[in-house]
């Protein structure tokens, strides 16, 4: 699969996940508002929340984690964030930079070698060794 196809699939999946996340969180927030409206009936409500986060680990360092905000009275999740230490685009860019740096160093060495050889040839020509 090409990088372009891979990136397109990831983008499509991300858009679907964002839409689902928005829908579910909106419903949870409406339920929290309804619970507080029954108690206070204010336009702006001050809710009590709990936050917890974790990284997916099982005997090794994990690249993925999640943070969750839970409303205490209802127990509903009002926000969350999925975290990742891995970036596919960063990995691609790193590989491209490394390969171009290696190519650049090889080119520089070849140019330096040609330059030294040209200088040596000129010295030999002037000395009459040709």
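Residue numbers (my numbering): 47 to 176. Note that the Cβ used here is the ideal one computed from N, Cα and C, for glycine as well. The model shown is predicted, which means the values in this text are computed figures rather than measured ones.
Inset, instruction - Report yes if the C-beta distance between residue 124 and residue 74 is below 7 angstroms; otherwise report no. - result: Result yes, Cβ atoms of residue 124 and residue 74 sit closer than 7 angstroms.
Inset, instruction - Output yes if chain D places a C-beta closer than 7 angstroms to the C-beta of residue 82; else output no. - result: Note that chain D does not occur in the displayed structure, where there is just one protein chain.
Legend entry - Supposed close pair residue 121, residue 99 - CB separation, criterion 8 angstroms: With a contact defined as Cβ atoms closer than 8 angstroms, residue 121 and residue 99 miss out at about 17 angstroms.
Inset, instruction - Pull up the CB-CB distance for residue 49 and residue 138, whole angstroms please, since I reckon it's below 8 angstroms. - result: About 6 angstroms separates the two Cβ atoms, so the contact holds.
Legend entry - Alpha-carbon spacing of residue 132 relative to residue 71, whole angstroms: Going from the Cα of residue 132 to the Cα of residue 71 covers about 25 angstroms.
Inset, instruction - Could you pull the start and end residues of the beta strand (DSSP E) that residue 128 belongs to? - result: Looking at the DSSP string, the run of the beta strand (DSSP E) that includes residue 128 is 123-130.
Inset, instruction - May I ask you to report which of helix, strand or coil DSSP gives residue 93? - result: Judged by DSSP in its simplified three-state form, residue 93 adopts coil rather than helix or strand.
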